[in-house]
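The structure appears below as structure tokens.
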Amino acid sequence: MNTPDERPSPDDALSHARAARARMAAALTEDQEPEPDGPGWQPIWKRPRKFKSKAAKKVELRKQRRQLQDAGKRRLAAGNSRRPRSRQNRIGNAAARRDARALSRVRHSIAWLW
Numbered sequence: 116m117n118t119p120d121e122r123p124s125p126d127d128a129l130s131h132a133r134a135a136r137a138r139m140a141a142a143l144t145e146d147q148e149p150e151p152d153g154p155g156w157q158p159i160w161k162r163p164r165k166f167k168s169k170a171a172k173k174v175e176l177r178k179q180r181r182q183l184q185d186a187g188k189r190r191l192a193a194g195n196s197r198r199p200r201s202r203q204n205r206i207g208n209a210a211a212r213r214d215a216r217a218l219s220r221v222r223h224s225i226a227w228l229w
């Protein structure tokens, strides 16, 4: 850490920085200087659109369709995987099926009364 004696005064540091800035500006030639409002970097939403040819669109759509089909296959395979379901889930489903079956039988057995 600097001791108070070797620390430069703020005025000296400021003059040193200004001199360095002047040297850097002199080192840059006129072409190296960036144009402030010229055709430099622009955010993507302000750039002009690049239109695609029909062939390029078809290629991109084909690629997207392929990705979606692959995702669907993965989803189907994940649903049909042999991962065991929780016991509670199986019991609940079985009970619901039994109830639905019983209600259906009752409904059909008294259907001739109506």
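Residues in the sequence shown are numbered from 116 upward in steps of one, following this note's numbering. In this text, a Cβ means the ideal position worked out from N, Cα and C, and glycines have one as well. Model, not experiment: these values are computed from the prediction.
Start-to-end residues for the alpha helix (DSSP H) that takes in residue i
| i | result |
| --- | --- |
| serine 130 | 125-142 |
| glutamate 175 | 169-194 |
C-beta neighbour in chain B for residue i, strict 8 Å
| i | result |
| --- | --- |
| alanine 137 | The structure shown contains no chain B, having only a single protein chain. |
Reference residue i; option with closest CA among the options
| i | options | result |
| --- | --- | --- |
| lysine 167 | Ile159, Leu176 and Gln182 | Leu176 |
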